[in-house]
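Following: one structure in structure tokens, then a few remarks.
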Amino acid sequence: MTNGNEIDEKPENKFKSYIITSAQGIQAPYSARMYGEDSSKGKPNFSLIKNIEHYRDKNNAELQICAIPGSYINEIELDEFFHKRDDVYVEKNAKQRNEQNKKREKRKREEWRIAKKAAEEAGRVFLREFPMHYFWEEIPDTDYKTTGKRLNSNVKIIAIPEPSQNKDPLSGKQVFTQDHGGTSIVIPNPKQRFLPVASGQAGKYPKLMMTTGSCTLPNYNTTNRQGFLAERAHTPGFVVIDVIDEKIFLPRVVPAQKNGTFIDSGIKYSEENQPEKAKTIAIKFGDSHVSEMNPKVHQANIEQLKWFQPKYAHFGDVFSARSINVHELDSEIDRANKSAAGIRSLEKELVMTGEYIQENAKIAKEFGGEIYIDYSNHDDMLFRWLTKGQYKNDDENRLIAYKILGEGINRYNTLEKAIKKFVEIPENVVFLKPGEDRIYWGYQFAAHGHLGKNGARGSLKSLMEGYGKVVMGHVHQIEINSGSISVGTSSNIPLEYQLGQPSTSMAGNAVLYDGGLLQAIPIIKAHWKKEDFASYLLENTKE
389 MTNGNEIDEK PENKFKSYII TSAQGIQAPY SARMYGEDSS KGKPNFSLIK
439 NIEHYRDKNN AELQICAIPG SYINEIELDE FFHKRDDVYV EKNAKQRNEQ
489 NKKREKRKRE EWRIAKKAAE EAGRVFLREF PMHYFWEEIP DTDYKTTGKR
539 LNSNVKIIAI PEPSQNKDPL SGKQVFTQDH GGTSIVIPNP KQRFLPVASG
589 QAGKYPKLMM TTGSCTLPNY NTTNRQGFLA ERAHTPGFVV IDVIDEKIFL
639 PRVVPAQKNG TFIDSGIKYS EENQPEKAKT IAIKFGDSHV SEMNPKVHQA
689 NIEQLKWFQP KYAHFGDVFS ARSINVHELD SEIDRANKSA AGIRSLEKEL
739 VMTGEYIQEN AKIAKEFGGE IYIDYSNHDD MLFRWLTKGQ YKNDDENRLI
789 AYKILGEGIN RYNTLEKAIK KFVEIPENVV FLKPGEDRIY WGYQFAAHGH
839 LGKNGARGSL KSLMEGYGKV VMGHVHQIEI NSGSISVGTS SNIPLEYQLG
889 QPSTSMAGNA VLYDGGLLQA IPIIKAHWKK EDFASYLLEN TKE
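Numbering (the numbering used here), first residue to last: 389 to 931.
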């Protein structure tokens, strides 16, 4: 045993999958009297739970259903469906408070019975109502386990006693990632969030914070603003943690539809069918930065392109501008070092970028897919290098600059024309320009993310304001917020300019499935799937 909410600091199992979801308490009699009775509040989403159990069995996983408050902190008790299950957990302080409420209510009910009996024996009319404040007619005899388990040395489930309707369940929670030398955390909550916390100064993986979504119907006090908005943000689903070894884990947030259907890593679970391969509409890869790409991440991206077979594949920052980095052009030492390393040639970088596009386009063509090169800030570096005349003092790249200038370029086609000058680009590749939308199931995929509102720096929050639902790049970090996603990076971590700074950079992509479910697929130490993923598919998918 350790402190408060943690019951085990040592990982019990290696090479295992965990499913974590939340279940809200049902409406208490007090709330029903105050705001109107609604028996659906906190009820199980039976279709979703059935599908989760199917997923659990197919993946040999451990399921943890974590009890959390309903519309207020004393709505702790769950629907009777959960009472006898052995996979239900509750936060330590909430469990103690629930036991106290049971004792208090039992005492009041016993006092009521005594008073009623005395009144009847005396021939008096007894008008006092039967005490039902925290519980309905039957006070359940439940004894849930305590939430809090370490899944491996780098991730644990924690429980925090707070109202379910809080706007951002991750606000102020970074402190919990600092425990035990740094750890990622999974927090049971009816919203789904994913946010990295900066770590190290030399490319160390960030700590991750995740919230789970819920397997019950929403229970909020919608007569106030906070509860009204919380019901809108209530998300069916769960978090899955694939433990690869005692250090490496693969986290995924899995959203579900209200009917219980969900898709994880391209496998669809629905109540009436066996697991089957889902149709993928679009994928957005972490920023490419081809000349600085991590080869292991590149291999993982190729695997995902072949597996998901998206109709549309989006790439941002394919051109890194490493050869003409405007921040280094005034440094003779940096230029000399890059020349010695063979990375000062603009032509080589353009060819490398073009060949990367070719490679992905060739794969996509096999299944009828299209490649979109999103307009990005690194694309613009080439145009700025040319317009500022910086090539004039660049002996190695001056001739290439003149060739590009002769192509009739403008700000938004410079990269496309420069690449096509040296590499033949397949017909299924489109270079997008600013203002060209690509929206699938309501999600804007064409925004790289560097252009925020009114010319400000882009962020997921600002782009959500502008686009509603968006999948963006640029920030090199995976974040999930209100269903929108920012993807990671495919580059080496750290890049040279990141050395010495704590960073949230990590690899990972976003996948949009037919039907509108969107999922982030992190890549951790070159892993994005379990080793037995292929055999699992052969066993569990339809022909």
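Ideal Cβ positions, reconstructed from N, Cα and C, are used throughout, including at glycine.
Please read these numbers as outputs of a predicted model, since none were measured by experiment.
Asked: Can you tell me whether G413 is helix, strand or coil according to DSSP?; Found: coil
Asked: Flag this pair as yes or no: are the beta carbons of A416 and Y522 separated by less than 8 Å?; Found: yes
Asked: Let's test the definition: count the other Cβ atoms within 10 Å of the Cβ of S459 and tell me whether it reaches 16, buried, or not, exposed.; Found: buried
Asked: Give the secondary structure of F564 by DSSP, where H, G and I count as helix, E and B as strand, and everything else as coil.; Found: helix
Asked: If you scan the region 415-470 from start to end, which runs of the alpha helix (DSSP H) of 4 or more residues do you find wholly inside it?; Found: 417-423 and 434-447
Asked: With a CB to CB cut of under 7 Å and the five nearest residues on each side skipped, what residues in its chain are close to K694?; Found: I751
Asked: Can you tell me which of K808, L848 and V543 puts its alpha carbon nearest to the alpha carbon of K635?; Found: V543
Asked: Among Q692, A688, T668 and S711, whose alpha-carbon lies nearest the alpha-carbon of K699?; Found: T668
Asked: Straight-line CA distance for L558 to N765?; Found: 30 Å
Asked: On the three-pair Cβ rule with 8 Å, is the region 598-607 touching the region 561-579?; Found: yes
Asked: Apart from the five residues just before and just after S405, which ones in its own chain have a Cβ nearer than 8 Å to its Cβ?; Found: N447, N448, A449, E450, V628, I629, D630, V631 and K918
Asked: Quick check on the DSSP output: what are the complete beta strand (DSSP E) runs of length 3 or more inside the region 715-803, in order along the chain?; Found: 758-761
Asked: Can you give the Cα-Cα distance for K808 and G837, rounded to whole angstroms?; Found: 25 Å
Asked: By DSSP, does Y885 sit in helix, in strand, or in coil?; Found: helix
Asked: For T929, which residues in the same chain have their Cβ closer than 7 Å to its Cβ, ignoring the five residues on either side in sequence?; Found: Note on T929: pLDDT 44, under 50, position unreliable in the model; no value is reported.
Asked: According to the neighbour-count rule (16 or more other Cβ atoms, all chains shown, within 10 Å of its Cβ), is I453 buried or exposed?; Found: buried
Asked: Indicate the three-state DSSP secondary structure (helix, strand or coil) for N816 in the structure shown.; Found: coil
Asked: How long is the line joining the alpha carbons of W829 and D529, rounded to whole angstroms?; Found: 45 Å
Asked: Using three-state DSSP, classify G854 as helix, strand or coil.; Found: helix
Asked: Thinking C-alpha only, which one of N433, D474, T610 and K490 is nearest E526?; Found: K490
Asked: Identify every residue that forms a DSSP beta bridge with M597.; Found: I573 and L583
Asked: Relative to the C-alpha of Y443, which candidate in Y657, L638 and F616 has its C-alpha closest?; Found: Y657
Asked: Residues in the same chain with beta-carbon distance under 7 Å from V858, minus the five sequence neighbours each way, listed in chain order, please.; Found: Y831, Q832, A835, L851, M852 and S872
Asked: Which stretch, first to last residue, makes up the beta strand (DSSP E) that contains V811?; Found: From DSSP, V811 is part of no beta strand (DSSP E); its letter is neither H nor E.
Asked: Work out the CA separation of Y800 and K821 for me, nearest whole Å.; Found: 6 Å
Asked: Could you check which residue in R538, E747 and D762 has the C-alpha nearest to that of G823?; Found: D762
Asked: Which ranges does the beta strand (DSSP E) cover as unbroken runs of at least 3 residues, wholly within the region 618-679, from first to last along the chain?; Found: 625-631, 637-643, 650-652, 655-657 and 668-672
Asked: Which same chain residues end up closer than 8 Å to A749 when comparing Cβ atoms and leaving out the 5 residues on each side of it in sequence?; Found: I759, I813, P814, N816 and V817
Asked: Contact defined as beta carbons within less than 8 Å: I believe A908 pairs with A898. What is the distance between those atoms, to the nearest angstrom?; Found: 5 Å
Asked: From I437 to R492, what does the alpha carbon distance come to, in whole angstroms?; Found: 32 Å
Asked: Restricting to Cα atoms, I'd like to know which of L906, Q865 and Y885 is closest to Y593.; Found: Q865
Asked: Do you know how far the Cα of D556 is from the Cα of A618?; Found: 10 Å
Asked: Strictly by DSSP, which residues pair up with V863?; Found: Answer is none; V863 lacks a bridge partner.
Asked: Who are the near neighbours of N647 in its chain, counting only those whose CB is closer than 7 Å to its CB and skipping five residues on each side?; Found: S435
Asked: What are the boundary residues of the alpha helix (DSSP H) that includes P683?; Found: P683 to F696
Asked: Determine the direct distance from the alpha carbon of F518 to that of G511, and round the result to whole angstroms.; Found: 19 Å
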